Amino acid sequence: MSPATAVTSAPLAVETVLRAVEGPGAGAVTTFVGLVRDHNQGRRVLWLDYEAYAPLAEKALGLIVDEAQARWAGARMAIHHRTGRLEIGEASVVIAVATPHRADAFAACRYAIERIKQIVPIWKHEHFEGGEVWIEGATADATDTAARETALRIACA
Amino acid sequence: MSPATAVTSAPLAVETVLRAVEGPGAGAVTTFVGLVRDHNQGRRVLWLDYEAYAPLAEKALGLIVDEAQARWAGARMAIHHRTGRLEIGEASVVIAVATPHRADAFAACRYAIERIKQIVPIWKHEHFEGGEVWIEGATADATDTAARETALRIACA
Amino acid sequence: MRVTVRLFARLRELVGAGDLVLEVDADATVADVWATLVAAHPAAEAYARSMSCAVNLEYARMTTAVSAGDEVAFLPPVSGGEARRGA
Amino acid sequence: MRVTVRLFARLRELVGAGDLVLEVDADATVADVWATLVAAHPAAEAYARSMSCAVNLEYARMTTAVSAGDEVAFLPPVSGGEARRGA
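Protein sequences appear in the order of chains G, F, A and U.
Taking our numbering, the leading residue of the first sequence gets 1, the next gets one more, and so forth.
Taking our numbering, the leading residue of the second sequence gets 158, the next gets one more, and so forth.
Taking our numbering, the leading residue of the third sequence gets 315, the next gets one more, and so forth.
Taking our numbering, the leading residue of the fourth sequence gets 402, the next gets one more, and so forth.
Laid out in structure tokens, this is it:
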């Protein structure tokens, strides 16, 4: 069995994350893969460096899995996030969700990526043609219930 | 390159369908896998037989891909559907979508599975403990705009 | 003229054949092909209100005209996708 | 007492270290640790309003009390996930 959550510098594989959600009762499986794009806000991106507070990032991914499995009955979720230098086209994050019914598989998967962007302590350092910049998003606060409600609203809408 | 659409009696592989949507510009990839469940409406399912009007089913899958790629700019979609006898836990359908942004990847993938259930001429013959039954869903009409609007509403909600 | 009729799933079982050739008038529509089918195989009538149709691999209407040698398919309500309908 | 401070990403670069040990009072809170950090490294002040914090791998508040040997992490706004924010 693959681990349900991982923060790793090794390349990610969808099949590995899918194996972590295998099991009886599933009727629908969704996956989400985030890829490094070759441009961002008009800049030509050369590569990205992902820096993680690894032990807290692993805990945060586990928290997201727990939140989703509590919210969507019978769901099994796994999330692997990569760190270090990533080239264009490489996968930075892979989420897999298995549920009895398809609506839940889509909702839980969408919830997970929104929550990852809210609370998981991982930072992107973008190296583009002519410079570099740290990409900053949300202030990470796992206890912020308004943020969690936003993720739920986006997922279940 | 894998074919974008396929109706096949061979086992499906997520990686094969993912390869069909590879290419530049993608930032997000979603997949959906439908699996044969071990029970349905209180019946213990033994296996399923999927019967297809294969040439029209392939055309219908191509139509869904065209609809999605027209609706979601920059999307690439592939759909493989299996036919014949499927055992519990086997994949009956695999959808993959690559888009620049994640919201579109989720919406287009959800759209595809809803449309498959509306218009693709494939039928399920359920063999359960104590009997068998043909599962029937929607009257297949690719020109029914109300059905298409329903799929769009579910996908984009 | 003759047309080929394709039937599937439970409709195929009710008629006892997935492929058959029917003789219809030269100005026949899909509705006429269906009526000819039901006359020969009354069990098909069960799908009169729920089936859809295709002519030569194009979705069609009951009013669509057919020509000699056309393949006319009658489709019971479909059920592709995964094993259970979503919640 | 001494606590370990962990810094990341641009905040780490501004301070010039990802790991440092600070001396704070025995009744210190996370806010006191932050104030001690900023006193020694004024550039950190840029994150005063946008950072969040964790103590010993638990998300914490500025009012959270710290103990000797604790690991106090200050987190700039995060950006995990895929390469671009969704539409």
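Think of the CB as a built atom: it goes at the ideal place given N, C-alpha and C, for glycine as much as any other residue.
Bear in mind the structure is a predicted one, so any value in this text is a computation, not a measurement.
The residue among Ala161(F), His282(F), Ala269(F), Leu169(F) with its C-alpha nearest the C-alpha of Arg305(F) is Ala269(F). The C-beta of Asp66(G) has fewer than 16 other C-beta atoms within 10 Å across all chains shown, which makes the residue exposed.
DSSP places Leu220(F) in the helix class (H, G or I) of the three-state scheme.
In the three-state reduction of the DSSP assignment, Leu334(A) falls in the strand class. C-alpha of Gly246(F) to C-alpha of Ala382(A): approximately 45 angstroms in a straight line.
Under the 8 angstroms criterion on CB atoms, Gly395(A) is classed as interfacial with respect to chain F.
Distance from the CA atom of Ile122(G) to the CA atom of Ala57(G), rounded to whole angstroms, is 7 angstroms.
Short of 7 angstroms from the beta carbon of Leu438(U), and not among the five residues preceding or following it, lie these beta carbons of its own chain, in chain order: Val406, Leu423, Ala445. Along the stretch 225–279 of chain F, the alpha helix (DSSP H) occurs as fully enclosed runs of 4 or more residues at 259–276, listed in sequence order. At least one beta carbon of chain U lies nearer than 8 angstroms to the beta carbon of Thr139(G). Around the beta carbon of Gly482(U), 16 or more other beta carbons lie within 10 angstroms, which makes this residue buried. Close CB contacts of Ala155(G) within its chain, under the 6 angstroms cut and outside five residues either way in sequence, are with Ala107, Arg110, Tyr111 (chain order).
By the CB criterion at 8 angstroms, Thr31(G) and Thr240(F) fall outside the cutoff. Judged by their CB atoms, Thr5(G) and Leu61(G) are nearer to each other than the 8 angstroms cut-off. Taking the Cα positions, Arg411(U) is about 12 angstroms away from Tyr50(G).
Contact with chain U is found for Ala142(G), since one of that chain's Cβ atoms lies less than 8 angstroms from the residue's Cβ.
For the stretch 51–71 of chain G, the set of residues with a beta-carbon nearer than 7 angstroms to any beta-carbon of chain U comprises Glu51, Tyr53, Pro55, Leu56, Lys59, in chain order. Between Ser393(A) and Lys281(F), the C-beta gap is smaller than 8 angstroms, which places the two residues in contact.
Neighbourhood of Ile270(F) in chain G, by CB distance below 8 angstroms: Arg102, in chain order. For Leu220(F), same chain residues with a beta-carbon under 7 angstroms away, outside a window of 5 residues either side, are Ala299 in chain order. Inside the stretch 334–388 of chain A, DSSP marks whole beta strand (DSSP E) runs of 3 or more residues at positions 366–369, 372–374, from first to last along the chain. The Cβ atoms of Phe322(A) and Tyr361(A) lie no closer than 8 angstroms to each other. DSSP places Thr16(G) in the helix class (H, G or I) of the three-state scheme. By the neighbour-count criterion, in which a residue is buried when 16 or more other Cβ atoms sit within 10 angstroms of its Cβ, Arg403(U) is exposed. With three or more CB-CB distances shorter than 8 angstroms, the stretch 178–187 of chain F counts as touching the stretch 225–241 of chain F.
Taking each of Glu372(A), Val347(A), Ala379(A) in turn and checking the Cα distance to Leu334(A), the smallest one comes out for Val347(A).
Cβ neighbours of Thr430(U) within its own chain (closer than 8 angstroms, five residues either side excluded): Met463, Thr464, Thr465, Ala466, Val467.
Taking CB atoms only, Gly42(G) has no neighbour in chain U less than 8 angstroms away. Against chain F, the beta carbon of Val14(G) has neighbours under 9 angstroms at Val171, Glu172, Leu175, Val186, Thr188, listed in chain order.
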